[in-house]
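Novice: Protein chains in written order, with the working numbering: chain A, 46 to 405; chain B, 46 to 405; chain C, 46 to 405; chain D, 46 to 405; chain E, 46 to 405. After the C-alpha cells below, expect a handful of questions from me.
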C-alpha cells in the first residue's frame, strides 16, 4: 500500500485560496449522472454547460471529477455550485487530513479511499461536496471504486432513496469504507503467515516483512484516524443531513471504528511478534554458543594432554616423562581421554544442553 | 480460544440492507418459550405462524434462533416483530463490533458470547432484540449458554420478574458475561504456570505459549472493549428499559469492567514475564560464555607451554631449550602448569564466576 | 502480598441474588458497638435479636461481621437493616471491584483492605454499609485493622463526631487507607535495595525479586484504582453523607490518589531498573567476551609458532627449518613471542579493553 | 534544527514585569507598513514618533520588530500600543511555551517559527500582538519568513482583507505554519534513507543519525504541541477576532494538527526502525558466532588428532601408538580427518547454518 | 536532588487532626513582616503575642515559620489565624501531595519547593495560607528561597501590590516555581554530556548516571504534576483571590506546565539515549566477537597444519608423510600458510569486517 502523507515541494508563501494542480496530477475527466426517481441520464461531460442543462431537467445530479490536472475547469465547477474557495484549494492540496466542514451552500468531506492499480493499492484523496440538489466528487484518478453505486443507480435499485444528496453521499462513503476491508484481510493473512513462520523456524528472516507491514499500518492509521472524527461530525442537525440519515451514518461510523480497532489489534500482534522474534534470535545465539562451548570444553583439555606428551624432554632422566617409556602409556592416555570426554558429555547432558540441541 | 475479528470474503459494493448468510453458517433452529407469571409453553418452531399463535396467548415470548443459514426465515421473523433491516443485516454480518442501538420498535444489542464445543472455546456473536412484549436472540450455533436461564424459567423461579422483556434480556446478558470468567481463570492459571516455569528454569521454551496467550488476550480485549460501551448505553431513560433495571444493569456493567481490568492485569503480567524471560536468556548466555572463557583461559596457556616444549630446536646448542635437558624439567613444567591453572581458577573464583555456575 | 483478583470456581448460571459463602470462608463472628455521645455498650453477638435491643437503646450502632461462612446470619442481618439483596450478594462474591452504590435505605461501599496474618499481607475485601443510624462492616477475617477506631470509641474521644454514621464510615475508611502506607514503604525499601544491588554488582540475581515486586504492584494497582473512583463518589449531596463530611472525604480521596501516584512512581522506577539490569547483563557479557578474546588473541598465535617449530621436517635439507639448527633459535623465538604478546597487550590496552577489566 | 527549550542563566527572584534582554539578543530593527485599501507606506523606523504619525494617517499599521536587544525601545513601543507589561516580559523571556492570551487592548499570541540561517534551521520565538488597528510582531532575528506576506501587501493583492488586523495576523501565522512543512519533508526523506540503509545493510552505523533525528523531533513536538492549543483558542467570540475569520483559523488549526500527526507518524516509524536495527545487530552476531563455531568445531578435533600423533610415546613397546609404525598410518589419518571435516560441514549445512552465511 | 515521597514510620490509626512533628524536624523559627504601603516592620518573633500586636498596627502581615519541630507553637498560631485543624495536620504530615484547598477563613496551598543546602538540592514542602489580611508560610527549614521577595518588600518596590495577601502569595509561589529552572538546566546539561559521551564512546559507563537522573526526574515529576492541578484551582472566583490576579496566576500556571513539558522532553531523550546505549553495547559485542572470530579463523587452520607436520609417523614408510622428507617441504608449507592466512584476511576484508574494526 502506498500513501502520501505530506504534500511535497509546495510553493511557500502562497496566497490562501490559490488553485494549483498537485504534482503529477492525472488528466481531468468529468462524468455526470442526473436522475429523478423515474429516469436517469448519464453523460461524459465535455463542457460544463451540459451540467447546467441537466440541473434544469433533474432534481438531482452527481458530478464525478476524476483527475485534478485541469484547475480552470475545477474552478469553474466550483463557481457554478457555489463551493468555497478554501475548500477547492483543499481539493487540490493533496494530501489533506480527513475532515468534514460545513459551508453555506454545501457540506464538504475529505477522506482517503483505496484505489487499486496493477495490484498496487494506493490511498487516494476523495473530496465529497453535497448541497441542496447535487453531489460532487473529486477523485485523484479514474478508478472503479464507485462502480457498484453507479450500477445500482442505473438499475434503479434504491433510486427512491438516492434522489436525496445526503443518501448518495452516504452510499459513496460506505463504498469507500468497505474498500478498506479487503486490505485489512490481506494484512491479517500476512500477519498469520509471519507468525507461523516465526513459531516454526525462529531464524526465518521475517524482520523486513514485519517492518514493512508495520510501516504501512502506521500510515493507514494516520489516514483513517481523522476520518473517524470527520464522519462523527455528520450527524442529524448538521445542514444538508436529514434526520433519517442517522441510522445509516451511525453504521458508517461503526465501520470506521471497527477498522481502527482491527488496526490496533494488528499493531499489538506485531509488537508481540517482535518480542517473540527477538527472544528467538537470542535463543538461537544461546544454542550456537552451546555448541561452541561443548566442542571447546571437550577438545581443549584433550589437545592439551596430547601436546603434553609431545614435549621433547630428555627422557634419559628418570623424572622426565616416565609415562612415555611405559609400555602401556599410550593406551592409558587414550583411555583417560575417553573418560574425560565422556565425563564432559555427561556433565553437559545433565545440564540439559544436549537435549535441547537434539530437539531443534 | 478462537474468534473471528474480520468478516472475510465479503461481497463488495452490496446494497446496504441485503441479507446474506455468513460463510459456513450453521442450519437454523428456532426455539420458543412463551409464558406469563403462571404458565409457560415451550416449542421447537417449524413454522413462524406458531409464534403468532403463542404471542396471542401469552404476554411475553422469547424466540431463540440458533444458526444463521436460513435468511428467508430470519427476514420473515424480522418483519413479524418489526426489526429494522439494517439491524437484521448486522445479525448476519459476522463479526460485528459490540453495540447497542435503539430502533423504534425494539432495542438491539450485539455482544460476543463464549461458546464451547469439544473443549475449544469460540467467541460467537449474539444478537439480542427486545421490544414491548418479546425478546429475540440470534446465536451462531445451537449452544447451551442459556440453559440455566431456560431452566429457571421452566421451574418458575423468578418468572415474576422475567415476564418483563428487559429483565429477561438482562438475565441472558448476565449469563453471557458470566461465561467469560472461567476462561479468565484458565488464562490466569496458564500465566501462573508460565511464571513458575520461567522462575524455575530460565531456559524453558515458554515463548510460544506466552505468545499464543498474548494473542488470545488481545483478541478477547478487542471483542470485550466495545461491549463495555454497549452495556453502558443501557440505562433507564432508554426506551424498553424500565427504571427498576438500573441496579441490575449497573451490576452487568461492573462485571464487564472487572473482566477488562483483569485482562489488563494479565497483559501487564505477560509483559513483565517477557522482560523476565529475556533477561533470563541473556543471563544464560552469560553463563555459557563464562564456561567457555574459563576453559579457554585455562587450557590455552597450558597448551601453549606444552607446544613450546614440543619444539624441535637443536638441543646440542647450549642456548636452545636447556630446560629439556634438565633432569627435573618435566616435573618443573608440570608444577608450573598446576600453579598456573590453579591461579586462573582462583582468579575466576574471586571474580565470582565459579560460584554462580555451581549454583545453577 | 497476596490478593485474589478473580472469584474462582463460581457456580455458573446462578440466579442473581443467590447468597453463597465464598470458598474457604472463615467462620462468622459478629461484634457490635452501640453508643451515644454519653455511653457505649459493646457486645459479641450470638443472636441478632441482641442487635434489635441495642438499636432501641442507642441512636447509633456499629455491627462488625468478620468471616463470611454463615450466609443465613448475613441474610437475616441484611433483612433487619434493609440491605439490598444484590449488595449482599456482592458482599459474598469475593473479590468485587471496589465500588460505591446508593440504595434506598443505605449506602454501600466495597473496598480492599490490607490484613496481616503471620507476616503475610493479604488484600481482603471490606464491605461497608451505612444508613440512617447504623454502620455495618463485613470483613473476610477477624483482623485488627479497626482496633484503633474501636479504642477511640471506647475512650470516648471524638464520640461526638462518631455518632454520625457517615463520620464512623469515614473513620473506618481512613483506617483502611492508612493501612496501605506501611506496605508502600516496604516496597520502597525493597526497590532501594534492589537498585543499590544492581548498581553495585550488575550480576546480582535480582530479576526474580524485581519480577515478584512488579507483579504485586500490578495487583495492588488493580485493586486500588477503582477504589479511587468509589471514594470520589462519596461527596456531599449523596444520600447519607452530610455536608460537613466534605473536608474529610476530600482528605481520604487525596490519600488514595497519593498512594496511586507512588505506585506509578514505583512502576517507573522498576522499569528503569529493568533497563539498567539488562544493560548490565550486556555489559558483563562484553567483559566476559573481552577476556576470552584477549586470551585467544594472545595464545593462538603463540601456540601456532610453537607448533610450527614442532614440525618434523627433515632438517638435513638446508631449506627445511634452518631456525632449528641455529644456536640462538630458541632464545630468538622466545623473544619474538614475548614481543608479540606484549604488542597484543599494548593494542588491547590502547583500545581500552584492559582498563575496564581492571576497574571491575 | 536547533531550538532552545529552556531559558538559561535567568536572574532568580526578579520582580515580575522586569524587561531584560535575552542573552545574545540581536540588535533591534523596526520595520513598519501602514496602509489602507488604497495606498501603503513602508518605513524603516528610527524614532517611534514616526509610528504615531503613520497611525494618524492610516487605519492599519504593522510594526515588525526584529532583534530584542533594545529593551527601552520595546518598552516604549509597548506603552504606545497599550501592551500589558507581563506580555512584554514574555516577549523577552525566550523561550516561552506557545500560548494565546487576551488582554484588554490587544490579543497576544506566542508561537515558534522556523528561521533558516546558513543552512541551519532554528526554532525562533515569534510574539504577535494585534488590537483595534494594529499588528505588532517581535522576531528574534531579521529573517525573511514574512517576505511573501510583505510582497502581497506591496502588490496590493488581498489588501482589502488585510486592512483587518485579525486577517493580517492570520496571514502571518499561516506563513509561520507553512514554514514547518519543508522541515518535515526533510525529516521524512531522512527517515526513508535510514530505513533503506538498514534494510539493505544491517550493520550500517545508523544509530547516531537516528538518535539525532529522534531528538530533534522530540524538540519540535515539544514546541508545536502547545501551539495547537494556542491556535485553538483563536476562535470567533474572542475579542479582536471577527466572525468571518472562523474558516481561516480552522484551516490554520488543521495544518498544525496535520504537522503533529506527521511527527507522531515519524516517531512510530523511528521506533519501528529501532526495533529493526536491534534485531539486525543480533542477527549479525548470530552469523559471526556461527562462523566461529563452524571453524572451531572443524579444526579443534582435527588439531587434536594431529597432536595425538605428535606424542612421543616410546614406540618400541608394541601397545604404544602402533599406528605410527603402520606403513599406511599417515594416509589413513588424513582420510579420517577429511571424513570428519566433511561430516561436520554436512551437519552444519543440514542445520541451515551454511546457507544463510552464503546468502549474506 | 533528594525528595521524600512517602511519610515513613507514621503512627497508624491516629485520630485525624492530631498534630505530631515529622521525624527529624528542624527547630522552629518565626519571622514576621508587617507592613502597609508606607512602612514596614520586621521581627524575629519569640512570643506569638508580638504577632497580635503587629496585626493591630498593620493591615497586612506575613508570618514565615521555618522548621516544624514546635507543634505547640504551630497549633497556637493556627488558632490565632483560624486555620483548620486538618490543614495544620497536613502542614506537619510531610510529604503531602501538592493541593489547594479553600477553608472558611483562609486558602491553603501545599507545594514543593527546592531548597539547596551544601550543594545538595532537596524538595521541601511549603505550606501557604492566606486570608483576609495575612499570609502564613511553613517551610521545613530556614532557607533563603524567599530572600528576593523579602528584599523587594524592604525596598518598598511593589509594596503597593503586596499589601494584598493574594499578591504576596503569588509572589512567593512565583519564587518557588522559578527555583526549579536552574535544576532543569542542570539536568539538561547533564543529559547533553551523557549524550555526547555515548555518541563519542559507546563503551562509556553512563548507565549509572543515566539511571540516577531518570530516577530524580521521575520523582520531580511526581511532585510537580499535582502542583499543576493545585495552581490551576487558584482562579478568580475562588475566595481570597481577587479578579486582578488572573493574569498573574495564569503566568504561574504556564510556568509549571512548561516545567512539566521539559521534564517530559527529558524523559523522552533519556529513553532514546537508553536505546542508543543498548544498541552501542550490542555493536561493541559484535566488534569483539569479530576480532575473536578473525583470530580463530586464521590461526586454527594454521595451527592444525603445523600440528599435522608434528606427527611422528614412521617416515621410513614411503606413504607416511613424504612431505617431511622433501627438501622444499618447509618453505612450501610456509608459503601455503601465508596464502591461507592472506585469503582469510581478504575474505574478512570483503565482508567488511576489517574496515569497521579499523574505524573504531
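Cβ coordinates follow ideal geometry from the N, Cα and C atoms, glycine included. Values in this document were obtained by computation on a predicted structure and should not be read as measured data.
Helix, strand or coil for residue 52 of chain E, going by three-state DSSP, please let me know.
Specialist: Three-state DSSP puts residue 52 of chain E in coil, outside helix and strand.
Novice: Taking Cβ to Cβ, would you say residue 127 of chain E is nearer than 8 Å to residue 73 of chain E?
Specialist: Cβ distance not < 8 Å, so residue 127 of chain E and residue 73 of chain E don't count as in contact.
Novice: Kindly indicate the opening and closing residues of the beta strand (DSSP E) around residue 38 of chain E.
Specialist: In the structure displayed, chain E extends from 46 to 405; residue 38 of chain E sits before or after that span and is not available.
Novice: Which of the residues in the segment 328-345 of chain D, read from start to end, lie with their CB under 8 Å from any CB of chain A?
Specialist: For the segment 328-345 of chain D, which is checked against every Cβ of chain A, the residues closer than 8 Å are 328, 330, 331, 334, 335, 337, 338, 341, 342, 345.
Novice: For residue 405 of chain A, which residues of its own chain have a beta-carbon under 6 Å away from its beta-carbon, when the five flanking residues on both sides are left out?
Specialist: Its pLDDT being 41, under 50, residue 405 of chain A is placed unreliably by the model, and the measurement read from it follows with that caveat. Correct list: empty, nothing qualifies.
Novice: What are the start and end residues of the alpha helix (DSSP H) that includes residue 156 of chain D?
Specialist: No alpha helix (DSSP H) contains residue 156 of chain D, which is instead part of the beta strand (DSSP E) from 152-162.
Novice: On the DSSP letters alone, give me the boundaries of the alpha helix (DSSP H) that residue 264 of chain C sits inside.
Specialist: Taken as a continuous stretch (DSSP letters only), the alpha helix (DSSP H) holding residue 264 of chain C covers 252-278.
Novice: Please state whether DSSP places residue 87 of chain C in a helix, a strand or coil.
Specialist: Strand.
Novice: Using the Cα positions of residue 63 of chain C and residue 295 of chain B, report the straight-line distance between them to the nearest angstrom.
Specialist: Cα-Cα distance, rounded: 17 Å.
Novice: So with Cβ pairs under 8 Å, would you call residue 376 of chain A a contact of chain D?
Specialist: Cβ-Cβ to chain D under 8 Å: yes for residue 376 of chain A.
Novice: Apart from the five residues just before and just after residue 347 of chain B, which ones in its own chain have a Cβ nearer than 6 Å to its Cβ?
Specialist: Contacts found: 382.
Novice: Drop a sphere of 10 angstroms on the beta-carbon of residue 403 of chain A, count the other beta-carbons inside from all chains shown, and report buried for 16 or more, exposed for fewer.
Specialist: Unreliable placement is indicated for residue 403 of chain A, whose pLDDT of 44 sits below 50; no coordinate value is reported for it.
Novice: When we look at the beta-carbon of residue 361 of chain C and count the other beta-carbons within 10 Å, is it buried (16 or more) or exposed?
Specialist: Flag for residue 361 of chain C reads exposed.
Novice: Which whole-angstrom value describes the C-beta separation of residue 251 of chain E and residue 267 of chain E, a residue pair presumed to lie in contact below a C-beta threshold of 8 Å?
Specialist: 24 Å between Cβ atoms; not a contact.
Novice: Look at the alpha carbon of residue 69 of chain E and the alpha carbon of residue 172 of chain E, and state the distance between them as a whole number of angstroms.
Specialist: Taking the straight line joining both Cα atoms gives about 18 Å.
Novice: What is the residue span of the beta strand (DSSP E) that residue 76 of chain C lies within?
Specialist: That run of the beta strand (DSSP E) goes 74-80.
Novice: For chain D, find out if any of its Cβ atoms is closer than 8 Å to the Cβ of residue 317 of chain E; answer yes or no.
Specialist: True, the Cβ-Cβ gap to chain D drops below 8 Å.
Novice: Taking DSSP as the reference, what is the three-state secondary structure of residue 109 of chain C?
Specialist: Residue 109 of chain C: strand per DSSP, three-state reduction.
Novice: When the Cα of residue 82 of chain E is compared with those of E:190, E:205, E:180, E:165, which residue comes out closest?
Specialist: Comparing Cα-Cα distances from residue 82 of chain E to each of E:190, E:205, E:180, E:165, the minimum goes to E:205.
Novice: Could you list which residues in chain E have their beta carbon closer than 7 Å to that of residue 306 of chain C, in chain order?
Specialist: Near residue 306 of chain C (Cβ distances below 7 Å), the residues of chain E are 142, 267.
Novice: Could you tell me which residues DSSP puts in a beta bridge with residue 175 of chain C?
Specialist: BP columns for residue 175 of chain C point to C:152, C:180.
Novice: Does DSSP put residue 47 of chain B in a helix, in a strand, or in coil?
Specialist: It is a strand residue.
Novice: Taking residue 388 of chain D as part of the alpha helix (DSSP H), name the residues at either end of that continuous run.
Specialist: Residue 388 of chain D -> alpha helix (DSSP H) spans 374-395.
Novice: On the criterion of 16 or more Cβ atoms from any shown chain inside 10 Å, does residue 146 of chain E qualify as buried, or is it exposed?
Specialist: That one is buried.
Novice: In three-state DSSP terms, what is residue 291 of chain E?
Specialist: If DSSP states are grouped into helix, strand and coil, residue 291 of chain E belongs with the helices.
Novice: Report the neighbours of residue 406 of chain E on chain D: residues whose CB is nearer than 7 Å to its CB, in chain order.
Specialist: Because chain E in this structure spans residues 46 to 405, residue 406 of chain E falls outside the shown range and cannot be described.
Novice: What is the DSSP secondary structure of residue 64 of chain B, counted as helix, strand or coil?
Specialist: Residue 64 of chain B falls in the coil class under three-state DSSP.
Novice: Between the segment 305-320 of chain E and the segment 254-271 of chain D, are three or more C-beta pairs nearer than 8 Å?
Specialist: Touching, yes.
Novice: Can you confirm whether residue 321 of chain D, when its beta carbon is compared against all beta carbons of chain A, has any partner nearer than 8 Å?
Specialist: Chain A contact via Cβ: present.
Novice: Per DSSP, what are the beta-bridge partners of residue 167 of chain B in this structure?
Specialist: Looking at the DSSP assignment, residue 167 of chain B forms a beta bridge with B:47, B:160.
Novice: Tell me whether the beta-carbon of residue 183 of chain C lies closer than 8 Å to the beta-carbon of residue 110 of chain C.
Specialist: Going by C-beta atoms, residue 183 of chain C is nearer than 8 Å to residue 110 of chain C.
Novice: Assign residue 360 of chain A to one of three DSSP states: helix, strand, or coil.
Specialist: The answer is coil: DSSP assigns residue 360 of chain A none of H, G, I, E or B.
Novice: Could you please give the first and the last residue of the uninterrupted alpha helix (DSSP H) stretch that includes residue 283 of chain D?
Specialist: Premise fails: residue 283 of chain D is in no alpha helix (DSSP H) and is neither H nor E.
Novice: Just curious, the alpha helix (DSSP H) that residue 235 of chain A is in, first and last residue?
Specialist: 225-245 is the extent of the alpha helix (DSSP H) around residue 235 of chain A.
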